[in-house]
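Enquirer: Starting off with a structure, shown below.
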Amino acid sequence: MGQLNTTRNVARADDVYQMLIDAHEGKTKDESDAFNARLILTLINHIGDEAVIAEALSVAEG
Amino acid sequence: MFDDRYTLAYKLYPYEKSADQDLDTPVRHPVVVVGGGPIGVATALDLGQQGIPVLVLDDHEGVGMGSRAICFSKRCLEVADRYGCGTPMVEKGVTWNLGKVFHRDHKVFEFNLLPEDGHKYPAFINLQQPYFESFMIERLRALQAEGAPIQLRGKNRVDAIEVKDDHVVLTVMTPDGPYTVEADWLVAADGANSPLRDKLGLGFTGKVFKDSFLIADIRMKGDVDFPTERWFWFEPSHGEGASMLLHRQPDNVWRVDFQIGWDVDRKEEMKEENIRRRLDAFLKGVEYDMVWSSIYTFQCKRMESFRHGRVFFAGDAAHQVSPFGARGANSGIQDVDNLGWKLGLVISGKAPEALLDSYSAEREHGADENILNSTRSTDFITPKSETSKIFRDAVLALSDKHDFARPFVNSGRLSVPCYYDGLPLNGADDLPGGPARARPGAPCPDVPLGDGFLIERLGARKGAAFQILAVDAEVPETFSAHGLDLEVVKVSAADAPLLRERYLGEARSAVYLIRPDQHVAARWETWDDRAVAQALGRATGHDIGKEQ
Ligand SMILES: Cc1cc2nc3c(=O)[nH]c(=O)nc-3n(C[C@H](O)[C@H](O)[C@H](O)COP(=O)(O)OP(=O)(O)OC[C@H]3O[C@@H](n4cnc5c(N)ncnc54)[C@H](O)[C@@H]3O)c2cc1C
Chain H
1 MGQLNTTRNV ARADDVYQML IDAHEGKTKD ESDAFNARLI LTLINHIGDE
51 AVIAEALSVA EG
Chain Z
1 MFDDRYTLAY KLYPYEKSAD QDLDTPVRHP VVVVGGGPIG VATALDLGQQ
51 GIPVLVLDDH EGVGMGSRAI CFSKRCLEVA DRYGCGTPMV EKGVTWNLGK
101 VFHRDHKVFE FNLLPEDGHK YPAFINLQQP YFESFMIERL RALQAEGAPI
151 QLRGKNRVDA IEVKDDHVVL TVMTPDGPYT VEADWLVAAD GANSPLRDKL
201 GLGFTGKVFK DSFLIADIRM KGDVDFPTER WFWFEPSHGE GASMLLHRQP
251 DNVWRVDFQI GWDVDRKEEM KEENIRRRLD AFLKGVEYDM VWSSIYTFQC
301 KRMESFRHGR VFFAGDAAHQ VSPFGARGAN SGIQDVDNLG WKLGLVISGK
351 APEALLDSYS AEREHGADEN ILNSTRSTDF ITPKSETSKI FRDAVLALSD
401 KHDFARPFVN SGRLSVPCYY DGLPLNGADD LPGGPARARP GAPCPDVPLG
451 DGFLIERLGA RKGAAFQILA VDAEVPETFS AHGLDLEVVK VSAADAPLLR
501 ERYLGEARSA VYLIRPDQHV AARWETWDDR AVAQALGRAT GHDIGKEQ
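Written out as structure tokens, the structure reads:
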């Protein structure tokens with residue numbers, strides 16, 4: 001319960017953001033969509049905890 | 001007019017005129033089962049073994065041609081074992097453990113059902129449904145020969161039903177014209193299109209999946225050596241369609257199942273040359289004979305309630321799922337297993353009628369679990385939106401290299417036994433450190449015992465008997481409560497080490513109250529007369545409706 005880290009956690013925000021954008025460089029929309037899906041699944045596995053994932057989903061809901 | 005709706009594989013119960021047909025007043029039977037499919041026949045075995053008179057009415061004269069079900073689960077076989085027909089099924093069946101998953105023409109990964117040692121029955125066997133049904137009917141004949149009060153009437157079609165407060169009246173059509181029978185209790189096992197459900201105006205709600213599947217059962221010629229494995233393709237590159245399945249059956253027969261989409265011309269697709277075109281694209285040069293083929297569609301639906309007064313619905317009549325996961329017949333058999341002893345106790349006046357409501361509660365729970373699993377498999381196999389397809393493909397792409405993604409791959413979650421967690425018949429769980437797998441509501445895990453297995457000693461084989469299973473515990477030799485005489489089964493972990501892992505856990509001793517269907521009713525560390533009597537009362541429905 002309430003374990004999703006929503007405080008600032010990335011030391012070099014600009015660099016990390018750039019990594020994400022660079023990863024999509026040169027990809028078509030379809031390739032990017034597939035890439036994003038693989039990325040989300042990989043991160044979801046890293047988190048593992050169902051409750052945290054549920055919270056992340058609701059954050060994403062906006 | 002009495003036309004068959006399907007061709008028979010074996011004519012096992014030809015029509016014979018019964019004495020009931022010539023009588024002026026209808027005969028009242030304690031239990032009538034409508035439908036002689038696997039579920040109806042299993043019901044007859046269960047009740048007949050208990051000595052409860054049962055009449056089965058089927059509108060055909062035997063077992064239908066063509067295998068629908070091929071995968072039978074361990075739990076289903078354990079139930080069949082109690083009915084006395086588990087062994088021939090396993091002997092004839094093909095035991096398999098390995099599955100392979102492909103995406104297009106590329107193997108993504110393989111899985112092993114990893115069967116655990118120390119069980120009489122394997123996780124799964126493949127066996128053509130007509131064999132499965134025939135073994136049950138052979139057993140039914142053997143029971144009849146021993147004097148069990150079972151009648152099975154072919155070409156007896158139920159055309160009308162009238163439900164009264166304390167009985168049911170049926171109009172039955174035969175080649176000699178109609179007659180009327182009455183039943184104290186009725187089990188409707190008349191299949192997915194259940195005419196009885198319709199006649200009673202009862203709903204069947206859920207989802208229809210807009211897809212069709214072409215099944216071809218083929219016998220390979222010569223020495224082709226396809227392995228005894230389950231092969232599943234997502235988007236096979238050697239054929240059109242969203243998925244394909246290849247699975248071995250006895251007699252050198254393979255099941256090939258093509259998902260071919262919704263808008264298909266069935267007549268055209270069913271032409272042998274068109275089926276062969278699909279098969280040849282994939283089998284390249286292998287010679288085979290066609291044994292059977294069919295096109296099917298499916299729905300994931302269930303009735304809101306499986307009990308309507310004197311009428312119980314069981315098997316496909318009560319619930320239908322997609323074939324992915326082999327949850328149809330396997331769950332129907334668990335319906336029978338659940339209903340049989342309850343009906344037996346109520347009919348013999350040993351339990352209150354309220355016990356019968358627990359059939360609904362427990363098996364609706366089972367059906368929900370099956371529908372949930374089978375719907376999820378279907379949605380994974382045929383993603384319903386662009387985004388869900390993107391995720392599905394991402395799972396498959398990752399699974400190729402990364403083990404972590406493989407649990408997400410869903411090509412069917414195979415039938416597992418039902419745990420009646422949190423339902424009204426469950427009693428105390430007073431076994432600190434006891435293994436979760438044998439908690440109240442769980443089906444008893446098997447354990448090798450001497451020359452045999454524990455499941456051969458548990459559950460009702462002759463009467464609807466509850467049992468005490470004592471593992472290294474001091475218990476009385478006999479015990480009676482609520483008008484029931486319990487059988488006491490004493491075992492020791494010293495003789496059977498797996499009892500420790502499966503029944504004791506951290507505990508030094510254990511006392512289990514076992515239901516006639518081999519589910520755990522309650523458990524304790526040590527014997528306590530009052531606690532056992534209380535749990536027995538609860539498990540036989542004495543508490544139903546008395547608390548809130
Ligand atoms: C392609 C396919 C693959 C499958 N694979 C599997 C699998 O691998 N494992 C599994 O467990 N399940 C599987 N199933 C499901 C399985 O076949 C069914 O769940 C099972 O047959 C249901 O048995 P039943 O007795 O409830 O109904 P049915 O087998 O349909 O029997 C109903 C009986 O009632 C009779 N009847 C109907 N109306 C009347 C009437 N008015 N009067 C008298 N009699 C009547 C019918 O003639 C029939 O004999 C599969 C199904 C399909 C279509």
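Residue numbers (the UniProt record's numbering), protein chains in the order written: chain H, 1 to 62; chain Z, 1 to 548. All C-beta atoms in this analysis are idealised placements derived from N, C-alpha and C, irrespective of residue type, glycine included.
So does Phe72 (chain Z) have its beta carbon nearer than 7 Å to some heavy atom of ligand 1?
Expert: yes
Enquirer: Looking at chain H, is there any beta carbon in it that lies within less than 8 Å of the beta carbon of Leu114 (chain Z)?
Expert: no
Enquirer: Give the residues from the region 24-42 of chain H that approach chain Z closer than 9 Å (Cβ to any Cβ), ordered along the chain.
Expert: Asp30, Asp33, Ala34, Phe35, Asn36, Ala37, Arg38, Leu39, Ile40, Leu41, Thr42
Enquirer: Please identify the residue among Z:Ala242, Z:Ala216, Z:Arg307, Z:Gln249 whose C-alpha is closest to the C-alpha of Glu273 (chain Z).
Expert: Z:Ala216
Enquirer: Give the list of continuous beta strand (DSSP E) stretches no shorter than 3 residues that lie fully inside the region 62-120 of chain Z.
Expert: List check, beta strand (DSSP E) in window: 62-64, 71-73, 98-103, 106-112.
Enquirer: Span of the beta strand (DSSP E) holding Ala42 (chain Z)?
Expert: Note, Ala42 (chain Z): premise wrong, no beta strand (DSSP E); alpha helix (DSSP H) at 38-50.
Enquirer: Does the Cβ-Cβ distance between Arg153 (chain Z) and Ser18 (chain Z) come in under 8 Å?
Expert: yes
Enquirer: Using beta carbons (cut-off 8 Å, strictly below), is Asp289 (chain Z) in contact with chain H?
Expert: Not closer than 8 Å to any Cβ of chain H, the Cβ of Asp289 (chain Z) fails to qualify, so no.
Enquirer: For the region 222-234 of chain Z, enumerate the residues whose C-beta is nearer than 7 Å to any C-beta of chain H, in chain order.
Expert: Listed in sequence order: no entries.
Enquirer: Please state if the CB of Val489 (chain Z) and the CB of Ile455 (chain Z) are separated by a distance shorter than 8 Å.
Expert: no
Enquirer: With 9 Å as the limit, tell me which residues of the region 1-18 of chain H have their beta carbon closer than that to any beta carbon of chain Z; keep them in chain order.
Expert: none
Enquirer: Look up Asp337 (chain Z) in the DSSP assignment and say whether it is helix, strand or coil.
Expert: helix
Enquirer: Could you round the C-beta distance between Gly48 (chain Z) and Ile150 (chain Z) to whole angstroms and report it? I think they count as a contact, below 8 Å.
Expert: 4 Å
Enquirer: For chain H, is any of its Cβ atoms less than 8 Å away from the one on Ile390 (chain Z)?
Expert: yes
Enquirer: Count the C-beta pairs between the region 57-72 of chain Z and the region 117-127 of chain Z that are closer than 8 Å, then say yes if the count reaches three, no if not.
Expert: yes
Enquirer: How about Phe408 (chain Z): is its C-beta nearer than 8 Å to some C-beta of chain H?
Expert: yes
Enquirer: Please tell me whether Asp159 (chain Z) and Met173 (chain Z) are closer than 8 Å, where the distance is taken between their beta carbons.
Expert: yes
Enquirer: Roughly how many angstroms separate the alpha carbons of Val264 (chain Z) and Ser293 (chain Z), rounded to a whole number?
Expert: Between Val264 (chain Z) and Ser293 (chain Z), the C-alpha separation is close to 16 Å.
Enquirer: Can you have a look at Arg508 (chain Z) and say buried or exposed, based on whether 16 or more other CB atoms are within 10 angstroms of its CB?
Expert: Label assigned to Arg508 (chain Z): exposed.
Enquirer: Between Leu499 (chain Z) and Val491 (chain Z), which are expected to be in contact by the criterion C-beta below 8 Å, what is the C-beta distance as a whole number of angstroms?
Expert: That pair is a contact at about 6 Å.
Enquirer: Tell me whether Ser237 (chain Z) is buried or exposed, calling it buried when 16 or more other Cβ atoms sit within 10 Å of its Cβ.
Expert: exposed
Enquirer: Go through its chain and collect everything with a Cβ distance to Ile381 (chain Z)'s Cβ below 6 Å, but skip five positions before and after it.
Expert: Residues of the same chain with a CB within less than 6 Å of the CB of Ile381 (chain Z), apart from the 5 flanking positions on each side, are Ser243 in chain order.
Enquirer: Taking the alpha helix (DSSP H) that Val532 (chain Z) falls in, what are its first and last residues?
Expert: 529-539
Enquirer: Using only CA atoms, which one of Z:Arg530, Z:Ala145, Z:Pro88, Z:Lys284 lies nearest to Pro476 (chain Z)?
Expert: Z:Arg530
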